[in-house]
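Per full-length UniProt numbering: the sequence shown = residues 1 to 257. Yeah, the Cβ is synthetic: ideal placement off N, Cα and C, and Gly gets one too.
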Amino acid sequence: MQREHRGDVDARKHHLENEKTTRAASQKRYEEHARQLTKHEKEQMAKSRDAVEQARLKREAETMHMRTGLKELKEAIDDANLAALRKQVQRVRADTSDEKIRRAKSQCINARWDEADALRQELNKFKATRRDQELLYLSTAVQLNAEVARARPDAEVARRRTQEQAVLEATEVRRRSEEAEQRRREEKEHWEARQRAVHEAMQGPRVALRDDTLDTSDSLLNLFSRMFGFNRQRHVKQHRSEGMNEWPEHEHGVVRL
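Listed below in structure tokens is the structure:
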């Protein structure tokens, strides 16, 4: 049993040693892998820094190149503008020399004198035209006044004649109006008298005349028939009586004559 116990102890020791050896190897491998990863990370970081630095240096170089180009372009533009301004100054100096200034002043003065002369001539023409118009107006006014003075008596006579004619016409119109009014009154009175006669005949006994007793004079019966439209009815009754060849002596209180 001691032998078996010792064998187990040895086996356990051997197993522990193996685990320790394995653990040590694993630890060593882990450390080696960590060192490799750290080295690789450092290399990558160094490469990235180098790339960033290269890009920065490149942008800086491009920027410097652009600045240099812009500076050169600005200097060229400034030189061109300065040359143009110098040319303009020389041209202005050449244009504003004493001789040219005197010539320009002379031309301006001559133009002003020409304008003044033209305006003076136009004013003289306007004054002459106005004077002629005033003389024409005065002569026309004098002539009209003379004609009015000569025609005033004739105009007064014509005005009086016109007034007299108007008075005569008004008198005639008044007379005709009075005569028309008088005729209207007479006709009205005559009409009223005829109406009264007709009413009186209507109030009296009704009489029917025979055809042989009718005359063509303007009798009250004819007047009454024309007023109330009885002619047609009387003719119809007459034709009926002729067809019967006799008239009754009394019919509803009407006396036949």
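Under three-state DSSP, which class holds residue i?
| i | result |
| --- | --- |
| Ser48 | helix |
| Ser106 | helix |
| Thr96 | coil |
| His15 | helix |
| Val9 | helix |
| Ala61 | helix |
| Asp215 | Because Asp215 sits at a pLDDT of 48, beneath the cut-off of 50, its placement in the model cannot be relied upon, and the following sentence gives the value as read from the coordinates. Residue state, collapsed to three classes: coil. |
| Glu192 | helix |
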